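Residue numbers (this note's numbering): 1 to 93.
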Amino acid sequence: MKIHVLLKKEELDAQRLPGKTVIVLDILFATSSIVAALAHGAAEVIPTLDGAAAQAEAARHPAATCVLSGELNADTLPGFVHPTPLALLAENL
């Protein structure tokens, strides 16, 4: 078995992908946003599978206590805050 570790999506070579298993871990960006939110006052960060699940989770909490943040294919979800540390900090957590 051969394993290749790439640090950036730009390193993917479409010519070499057919027949391969690809595992993508998007952890650095998410981790930076989570740490920034918690360090600046967020009581907790609740990960969800998608925007609908996030909205359902937010509905279980008092109205002004949640900040929804997320993206899909690099586009911020409608009604959500862009999931970057700076955008989250602008929400006065």
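Think of the CB as a built atom: it goes at the ideal place given N, C-alpha and C, for glycine as much as any other residue.
These numbers come from a predicted model, not from an experiment.
(message) If you reduce the DSSP assignment to three classes, tell me which class Thr31 lands in.
(response) helix
(request) From the DSSP output, in three-state form, read off Glu91 for me. (result) coil
(request) Answer yes if the region 69-88 comes into contact with the region 28-45, meaning at least three C-beta pairs across the two stretches below 8 Å, and no otherwise. (result) yes
(request) Inspect the beta-carbon positions of Pro78 and Ser33 and report whether they are closer than 7 Å. (result) no
(request) Could you work out which residue in Lys8, Leu49 and Asn92 is closest to Ala64 when comparing CA atoms only? (result) Asn92
(message) On the criterion of 16 or more Cβ atoms from any shown chain inside 10 Å, does Leu88 qualify as buried, or is it exposed?
(response) buried
(request) Go ahead and pull the three-state DSSP assignment for Leu72. (result) strand
(request) Would you tell me roughly how many angstroms separate the C-alpha atoms of Val81 and Gly51, rounded to the nearest one? (result) 12 Å
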